[in-house]
Structures are given as structure tokens and as C-alpha cells.
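The working numbering numbers the first residue of the sequence shown as 19 and each following residue consecutively.
Contents: one structure, followed by commentary.
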Amino acid sequence: MSSHADVAVIGGSGFYTFLDDPEQVEVRTPYGDPSAPISVAEVGGRRVAFLPRHGRHHEYPPHRINYRANLWALRSLGVRQVLAPCAVGGLRAEVAPGNLVVPDQLVDRTSGREGTYVERGAVHLPFADPYCPLLTSALVGAEGVGHGGTMVVIDGPRFSTRAESRDYAGRGWTLVNMTGAPEAALARELRMCLATIALVTDMDAGAEAGDAVHQQDVFALFAAHTERLKAILAGVVSDLPDPSGCSCQSWADGLELTYEIP
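Written as C-alpha cells, this is what we have:
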């Protein structure tokens with residue numbers, strides 16, 4: 019069985035398996051080990067790699083994930099397109115728990131994470147539109163999936179205070195998450211396409227008067243929708259467009275990159 023894969027799915031909280039009877043591939047990278055061995059199998063006629071972002075048993079909290087190793091490992095297997103589902107809190111009334119949303123913008127409010135492969139020289143990533151338009155269109159085409167809005171990424175592992183949540187909402191941001199950065203930028207640096215599909219698990223602390231956000235409630239709602247999310251991703255994978263020529267991959271044409279792309 020070949021360990022080569024064209025497409026990757028990165029699983030979030032509660033999303034630790036995806037493929038039937040996969041090959042398990044151990045990958046070593048210049049940046050350390052990825053969160054788990056990578057599973058590879060066929061889905062809808064495509065070779066798909068699956069990596070649980072937090073590890074097989076949620077060993078890694080958001081601020082301790084080795085994002086650079088994860089993306090590099092996937093690229094080393096041949097991956098060019100990445101679907102990155104995640105759990106999010108809702109900040110505004112246009113979303114509600116149970117909604118699936120494909121954001122079109124990202125705000126990075128994290129700190130202290132290794133957020134780039136660039137360690138020397140002048141390589142400046144164009145990132146005005148952080149998500150791949152081709153993958154976004156494919157995800158939005160799935161039944162029951164909404165589109166649009168900005169996802170702000172915070173360090174975690176704590177949830178936001180009410181004041182923080184209200185501040186984010188007041189800035190017009192729609193979703194709050196802990197893992198979307200630097201994942202999207204690293205994929206782009208490696209000339210891969212990436213889009214995320216966000217499952218709204220709760221309304222953040224400032225969005226409603228009432229109880230604070232609790233981990234057990236978030237995990238329970240994600241678990242209730244995991245099979246639905248897996249079915250959507252499996253359907254999308256089989257119909258993904260050819261990434262050749264996508265700007266996510268062509269942005270570095272003619273540039274001298276100062277880091278290795280496997």
C-alpha cells in the first residue's frame with residue numbers, strides 16, 4: 019500500500035479517526051514529530067491522509083501543538099489540499115450551536131507559537147485571503163454548510179472572558195477558535211491549499227447572558243455532530259477540483275524560498 023496522499027483532513031477536538039482500515043505512517047520532520055502517526059487510505063477514489071491535530075487521545079492542548087511538524091509531515095506524503103475542521107465558539111447572532119460554517123477571514127491573536135518556516139532571508143507570504151477559494155467553494159457546496167465571517171484565533175487553553183468575547187464580537191468577528199493559527203499560514207508557506215469547516219459548539223461567554231462556556235458541553239456537542247461532519251468531508255473529498263494553478267500554490271513562483279519544501 020502506498021503512503022502517498024493527495025488530500026489531508028486534520029481532525030479537531032473529538033475528531034480522532036476518519037478512515038477505514040488505513041495504513042499508519044510514521045513521519046519524522048526537521049521540526050520534530052507530528053501530533054500522531056498519519057493514517058492513509060482511499061476515500062472516494064482519492065488518497066487521503068488523516069492527522070488528529072491534538073493527538074490520538076488529545077494529548078496536546080492548542081498552544082502545545084507542533085503545527086510546523088504537522089503540516090510538513092503531510093506535505094512530505096504528497097498532500098496538496100488540506101481540509102481542516104475545527105470546533106469554534108459563536109460570537110454573533112448569525113450563528114448558533116450545531117451550525118457548520120466556512121469562514122473567509124482569520125485574525126491571529128495567538129502569541130509564542132512557531133508560526134513560520136522562514137528563519138532567515140526575505141520571504142513574505144501573501145495572506146490577505148487566508149483560505150483557498152477552490153476548497154472553500156467545495157465545502158460551501160455541501161448541504162447545510164454556511165459561508166462567511168471572520169474567525170479569531172486565541173491562545174487558549176482557557177475560554178474567553180465576557181469582556182474579551184464582547185470585544186471580539188464588537189469588532190465584527192463571527193467565530194472564536196484556538197487552533198486556526200498558525201496552521202493556515204504554514205500550509206500556504208508549503209504551497210498547499212487549506213480551508214476550514216468550523217462546527218459551532220457554543221455561544222461564547224459574551225454572546226449571551228447566561229452560563230459560561232464549559233468544556234464538557236463543547237465536547238458533547240462536537241461528538242453529537244462528528245458523524246455528520248465526517249460524511250460531509252468524505253463527500254467533498256471525492257469531488258475536489260484539481261489544485262494545479264491555484265494561487266495558494268503558485269504564490270512562490272519565481273521566489274527564492276529560504277526553507278525546504280519536502
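Even glycine gets a Cβ: it sits at the ideal position worked out from N, Cα and C.
Exposure label - residue i; buried when at least 16 CB within 10 Å
i    : result
R82  : exposed
F33  : buried
F145 : exposed
G62  : exposed
R86  : buried
S256 : exposed
S268 : exposed
L273 : exposed
G162 : exposed
T35  : exposed
R206 : buried
R93  : buried
P40  : buried
H232 : exposed
H243 : buried
C-beta atoms of residue i and residue j nearer than 7 Å
i    : j    : result
F240 : A102 : no
V171 : G198 : yes
I56  : V45  : yes
I250 : A114 : no
V97  : A59  : no
L89  : L275 : no
R64  : V100 : no
P48  : M196 : no
L208 : I279 : yes
R110 : T214 : no
R71  : G30  : yes
N84  : G116 : no
L95  : S21  : yes
V236 : D220 : yes
A54  : R74  : yes
Residue i - partner residues in DSSP beta bridges
i    : result
P70  : G29
T168 : Q123
C211 : Q99
L217 : A105, L118
V163 : L118
T47  : G50
R64  : V61
Continuous alpha helix (DSSP H) stretch holding residue i: start and end
i    : result
T244 : 233-256
A87  : 85-94
V113 : Here V113 belongs to no alpha helix (DSSP H), and DSSP marks it neither H nor E.
D185 : 180-188
T154 : 151-158
C266 : 265-268
Nearest-angstrom beta carbon gap, residue j and residue i [assumed within contact, 8 Å]
i    : j    : result
M169 : P121 : 4 Å
P151 : Q123 : With a Cβ gap of about 13 Å, P151 and Q123 do not count as contacting.
D222 : S265 : Not confirmed; about 32 Å, so no contact.
P52  : L69  : 6 Å
V43  : G107 : About 33 Å separates the two Cβ atoms, so there is no contact after all.
A156 : V218 : Not confirmed; about 20 Å, so no contact.
A216 : V125 : In fact, because the Cβ distance is near 14 Å, the residues do not count as touching under 8 Å.
E132 : Y277 : Not really, about 12 Å apart at Cβ, beyond 8 Å.
D173 : T134 : Wrong, their Cβ atoms sit about 17 Å apart, outside the cutoff.
Delimiting residues of the beta strand (DSSP E) encompassing residue i
i    : result
S57  : 56-61
E41  : 41-43
C104 : 104-108
V194 : 193-195
Chain B within 7 Å of residue i, Cβ atoms only
i    : result
I279 : The structure shown contains no chain B; it holds only a single protein chain.
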